[in-house]
Structures are given as structure tokens and as C-alpha cells.
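Undergrad: Listed in order, the protein sequences are those of chains A and B.
In terms of the numbering used here, the first sequence has 628 at position 93, counting the first letter as 1, and numbering is strictly consecutive.
In terms of the numbering used here, the second sequence has 542 at position 7, counting the first letter as 1, and numbering is strictly consecutive.
Sending over a structure as C-alpha cells; questions will come in a sec.
Protein chains: 2
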Amino acid sequence: MKKDTREALLDSAFNTFYKQGFQGANIATILNDVGINKGSMYHFFKSKKALGLAVIEERIERNLVNKYASIKSVEELFDVLCSAPKTLAYGCPLNKMSQEMIYIDTDFQKLLSTTYGKFETLVQMILERDGVESSELKAKQIIATYEGALMIYHLNRQDEEFVLVLRGLEQDIF
Amino acid sequence: MKKDTREALLDSAFNTFYKQGFQGANIATILNDVGINKGSMYHFFKSKKALGLAVIEERIERNLVNKYASIKSVEELFDVLCSAPKTLAYGCPLNKMSQEMIYIDTDFQKLLSTTYGKFETLVQMILERDGVESSELKAKQIIATYEGALMIYHLNRQDEEFVLVLRGLEQDIF
DNA sequence: TCCTTTCTTGACCTTTTAGTCAAGTGAAAA
DNA sequence: TTTTCACTTGACTAAAAGGTCAAGAAAGGA
């Protein structure tokens, strides 16, 4: 049972921070959700901050790799990107955590910066595999448009427009 | 002096919320910054939430209109967008506040959604004045790329790449 | 000048928050 | 069986948070 509590904590913390923000979330919610007591959590994580950093490393980053490492073509990439409104109910977890924390805490800043770098590399590799020119810049273009469009989607809740913006980019670039 | 305190409160609250987030900011910081006491603030704003909503209406929205309403051409628009890293030290205020609050509070959600709509309309009008086709979609494309690129910039702190992404869009579209 | 309304003060209240700790449980190693 | 160590409990603490209020100061109109 040793690992289960830690994993359950990370799962619940990820969901709670994702929805409410790191600062806005309170530990009691997570504890109640998992069904354990405080001391148990503080056995695994020395502080709320440590839990937050672990969520970035062991959930946000892991989810990104799971999602993008297996993508085989640019076409497939855009299909996955276009499905974001269905899978990401509160925006991009990495983007959201970054906007909140990078100006406040340098440990968060460093880790989020590194994680973003990995995301960018994953996208870049998909482009290179398909023989796309200037893949670094295009990876940034794709991610930027994706992140921005997802934010706009969550303010409007209009699926079609989100897809149109991304498909527009796909056609402009390729 | 009647209006001064209210205006000073809005200024300080805007800066504080902008840097630390709405939930992460505490009222004592703002009060200390302005140099007044609690009761004085609660005379003008019935709650922290009311202050936050007023900041959106009277600062975030006002700043957007000030910045974009006077832009005369698409060229000028992209120049202004490219200067964002110099003027927006903690990202796009509207984007940041939205990511944090739209899933938490419906009053924030409504107001931020409306404010975004005005921003989009301002950009759309610039495009139309220059005779750009399908201005609505292109306004969304520009804003999406801008917002996403600005987020990436703040994780990397590399000016050139931010500008390259935006200039790339400018060339792809026009 | 006097009166009314608009601010301002600063102490106070209540709730919530992250974090601590000594005592206990239980499973696995010895 | 006994010992050990990883984990769990739940009450406790201290600080910080948002918010209240009665009383006083200023400002403006009559």
C-alpha cells in the first residue's frame, strides 16, 4: 500500500490544482478527496510547494509525454491538438500552472520552463520525422497558436472556432 | 480627494493581482501599498471579489482599449503586439486572470468573456479597416498566436523567438 | 456657521490555512 | 515471536486571511 497513497495524492493534487489553481487550492480538499489525514500527506511531501513541484514532474510532464510521444505524423498531431476542448476541461495544465507560478517562485519557474522545453522538443520531433523545414520555429508557432486558441475557446465555448484557427495554421504552414 | 483613493486602490490592485494572481494576492499588500486602512477600502468595494471585478472593468479593459483603439493599420498592430515583452512583465493580464478565474466564479467568467469579446472586436476592426478578408477568423488567429507566444516567451525569456513567431504569422496571413 | 454626507481610522472578529507532533498501527524482516 | 520501520491518525498550533464596526475627521452645501 506504500505507493498507493502517494500516487493517489498526486492524482488528486493534480486535479485540484488544475481546477482551482495552486494558490487557490487548499490541502484539506485534497486530503478529503483521497480520504487520508494530514500527517500522512506530510510524510510523503514536506510542504504544499513540494507537492506542487511533484505534480509538475510526475503528472503534468508525464501526461504530456504520454500524449505526444506516440504521435507519428503532423496530421495526427493536429488531430490531437484539435481534440483538446474535449480532454482539457480547464485549459492547458502546463500553461495554467506557468502563468500562475513562474513570477512568484523560482523553483516552479525552473521546473515549468524545463517541462515546456520537453513539450516543445516532442512537437519538434514530430515535425522533423515528417520532414518539415525549420521545425524549431514551427513547433513554437504550433504550440503558441494551440495555447492561445485553447484559452479563447474556454472564454467562448465555441468548438468550431478553435478547430478553424488550428486548421488555418495547418494550411498556412504546410 | 474622494476619487483618488478609489483610483489608487484600482491601480495597486491591478498590479498586485497581475503579479500574484487574484487568489494569491492579499488585501493587506494593496492596503499597505496605497497607504490606507481596511475600512477605507471596504467603503469603496464591498469585497475582494468586487475589487477584482472592478479591476477587470476599469483597468484591464481600459488598458486594452487605450492600447488597441488607436491602431491604424495591420502593420502597426503587429508592431504593438511584438512590443509586448517590454510592456507586459507578467504576461497578458486578461489571459492570466481568465485562466485563473473563469472556472471558479461565474461573475468573473462573464465579465472576462465580455472583455475578451471587446478585445477581439478591436483587432477585427483594425483588420477590416485595412481590407483584410475573413477578419473574424484572422483576429482570432492573431490573438491566439499572440497569447500563446507571450506565454512561451515568459518561460524562455527569448525576445527574438517571440517576434519570429508573430512575424511568421504576419507573413503567412498577408 | 452648522449640518449632513462622505470618507478614514484602527481595533476587533471569525474562519481558514499550512504545518507539527506524539502516539499508534501493521506488515515484513530477522 | 520479536523487532523494526514505514505509514497513519487526529488533535493541536500559529499565522494569515477576509471582513466588520463604532467612532472620528473632512469636506461641501445651505
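Cβ coordinates follow ideal geometry from the N, Cα and C atoms, glycine included.
Just so it is clear, the structure is predicted and the values come from calculations on it, not from any experiment.
1) Where DSSP assigns a beta bridge to Gly626 of chain B, which residues make up the other side?
2) Measuring CB to CB, does Ile595 of chain A end up less than 8 angstroms from Leu629 of chain A?
3) Could you compute how far the alpha carbon of Leu566 of chain A sits from the alpha carbon of Phe654 of chain B?
4) Checking contacts by CB at 8 angstroms: is Gly559 of chain A closer than that to chain B?
5) Starting from Asn691 of chain A, trace the alpha helix (DSSP H) in both directions and tell me its first and last residue.
6) Name, please, each residue of chain B whose Cβ falls closer than 7 angstroms to the Cβ of Leu690 of chain A.
7) Could you tell me if Glu611 of chain A is buried or exposed, where buried requires 16 or more neighbouring beta carbons within 10 angstroms of its beta carbon?
8) Over what stretch of residues does the alpha helix (DSSP H) that includes Ile661 of chain A continue unbroken?
9) Check whether the stretch 570-585 of chain B and the stretch 694-701 of chain A are in contact - that is, three or more C-beta pairs closer than 8 angstroms.
10) Less than 8 angstroms between CB atoms is the rule here; does Leu612 of chain B satisfy it with respect to chain A?
11) How would you label Val600 of chain B, buried or exposed, when you count the other beta carbons within 10 angstroms and need 16 or more for buried?
12) Of the residues that make up the stretch 653-686 of chain B, which ones have a beta carbon closer than 7 angstroms to any beta carbon in chain A?
13) To which residues of the same chain is Leu545 of chain A closer than 7 angstroms at the C-beta, ignoring the five residues directly before and after it?
14) Applying the criterion that 16 or more other CB atoms from any shown protein chain within 10 Å of the CB defines a buried residue, is Ala624 of chain A buried or exposed?
15) Does the beta-carbon distance from Phe643 of chain B to Gly556 of chain B come in below 8 angstroms?
16) If you measure from the beta carbon of Asp694 of chain A to each beta carbon in chain B, is any gap under 8 angstroms?
17) Whose Cβ in chain A lies nearer than 9 angstroms to the Cβ of Tyr625 of chain B?
18) Which residues in the same chain have their Cβ closer than 6 angstroms to the Cβ of Ser740 of chain A, if we skip the five residues on either side of it in sequence?
19) For Ala489 of chain B, which residues of its own chain have a beta-carbon under 7 angstroms away from its beta-carbon, when the five flanking residues on both sides are left out?
20) Whose Cβ in chain A lies nearer than 8 angstroms to the Cβ of Val700 of chain B?
21) Anything in chain B within Cβ reach of Lys554 of chain A, meaning under 9 angstroms, just list it in chain order.
22) Apart from the five residues on each side of it in sequence, which residues of its chain come closer than 7 angstroms, Cβ to Cβ, to Arg664 of chain A?
23) Along chain B, in chain order, which residues have C-beta atoms closer than 7 angstroms to that of Gly703 of chain A?
24) Note the first and the last residue of the continuous alpha helix (DSSP H) segment covering Glu611 of chain B.
25) Alpha carbons only, please: which of A:Lys621, A:Glu695, A:Met636 and A:Val609 is nearest the one belonging to Ile708 of chain A?
26) Please state the DSSP three-state secondary structure of Ala560 of chain A.
27) Does chain A have any CB closer than 8 angstroms to the CB of Ala642 of chain B?
28) Is any beta-carbon of chain A found at less than 8 angstroms from that of Ile595 of chain B?
29) Let me confirm a value: Asn550 of chain B is counted as buried when at least 16 other C-beta atoms fall within 10 Å, else exposed. Which label applies?
TA: In this structure, then:
1) Stepping through the second sequence from its first residue, residue 626 of chain B is reached at position 91. Answer is B:Ala624.
2) In the first sequence, residue 595 of chain A corresponds to position 60, counting from 1. In the first sequence, residue 629 of chain A corresponds to position 94, counting from 1. Yes, Cβ-Cβ distance for Ile595 of chain A and Leu629 of chain A is below 8 angstroms.
3) Within the first sequence, the letter at position 31 stands for residue 566 of chain A. Within the second sequence, the letter at position 119 stands for residue 654 of chain B. The straight-line gap from Cα to Cα measures roughly 41 angstroms.
4) Taking the first sequence and counting its residues from 1, one reaches residue 559 of chain A at position 24. With 8 angstroms as the cut-off, Gly559 of chain A counts as an interface residue toward chain B.
5) Taking the first residue of the first sequence as position 1, residue 691 of chain A is located at position 156. First-last of the alpha helix (DSSP H) with Asn691 of chain A: Ser670 to Asn691.
6) As a first step, residue 690 of chain A must be located in the first sequence, where it is residue number 155. Near Leu690 of chain A (Cβ distances below 7 angstroms), the residues of chain B are Ser633, Ile637, Leu647, Ser648 and Tyr651.
7) By one-based count along the first sequence, residue 611 of chain A stands at place 76. Its Cβ having fewer than 16 others within 10 Å, Glu611 of chain A is exposed.
8) Your numbering for residue 661 of chain A matches position 126 in the first sequence. That run of the alpha helix (DSSP H) goes Thr641 to Arg664.
9) no
10) Taking the second sequence and counting its residues from 1, one reaches residue 612 of chain B at position 77. No - not a single Cβ of chain A is within 8 angstroms of the one on Leu612 of chain B.
11) Along the second sequence, one-based indexing puts residue 600 of chain B at 65. Result: exposed.
12) Leu672, Lys675, Gln676, Ile678, Ala679, Thr680, Tyr681, Glu682, Gly683, Ala684 and Met686
13) Taking the first sequence and counting its residues from 1, one reaches residue 545 of chain A at position 10. So the list reads Ala589, Val590, Glu593 and Arg594, once near-sequence residues are dropped.
14) Taking the first residue of the first sequence as position 1, residue 624 of chain A is located at position 89. Classification for Ala624 of chain A: exposed.
15) Translated into the one-based positions of the second sequence, residue 643 of chain B becomes position 108. Translated into the one-based positions of the second sequence, residue 556 of chain B becomes position 21. Against a cut-off of 8 angstroms, the Cβ pair of Gly556 of chain B and Phe643 of chain B comes out as no contact.
16) Against the first sequence, residue 694 of chain A aligns to sequence position 159. No, Asp694 of chain A lies away from the interface with chain B (no Cβ there is under 8 angstroms from its Cβ).
17) Your numbering for residue 625 of chain B matches position 90 in the second sequence. Near Tyr625 of chain B (Cβ distances below 9 angstroms), the residues of chain A are Gln634, Ile637 and Tyr638.
18) No statement about residue 740 of chain A is possible, as the shown extent of chain A runs from 536 to 709 and does not include it.
19) Examination of residue 489 of chain B is not possible in this model, given that chain B is present from 536 through 709 alone.
20) The sequence position of residue 700 of chain B within the second sequence is 165, counting from 1. In chain order: Leu672, Lys675, Gln676 and Ala679.
21) Here the question's residue 554 of chain A lines up with position 19 in the first sequence. The contacting residues are Tyr638 and Ile639.
22) If you number the first sequence from 1, residue 664 of chain A lands on position 129. Excluding positions up to five away in sequence, the list is empty.
23) Here residue 703 of chain A corresponds to residue number 168 of the first sequence, with the count starting at 1. Near Gly703 of chain A (Cβ distances below 7 angstroms), the residues of chain B are Leu672 and Gln676.
24) Counting from 1 along the second sequence, the entry for residue 611 of chain B is found at position 76. Run containing Glu611 of chain B: Val609 to Cys617, per the alpha helix (DSSP H) assignment.
25) Residue 708 of chain A sits at position 173 when you count from the first residue of the first sequence. Nearest option by C-alpha distance: A:Val609.
26) Stepping through the first sequence from its first residue, residue 560 of chain A is reached at position 25. If DSSP states are grouped into helix, strand and coil, Ala560 of chain A belongs with coil.
27) Counting from one through the second sequence, the residue named residue 642 of chain B turns up at place 107. Looking at the sequence shown, residue 642 of chain B is not Ala but Asp. It does not; no Cβ of chain A falls within 8 angstroms.
28) Numbered from its first residue, the second sequence carries residue 595 of chain B at position 60. With 8 angstroms as the cut-off, Ile595 of chain B does not count as an interface residue toward chain A.
29) Within the second sequence, residue 550 of chain B is the residue found at index 15, counting from 1. Looking at its Cβ environment, which holds 16 or more other Cβ atoms inside 10 Å, Asn550 of chain B is buried.
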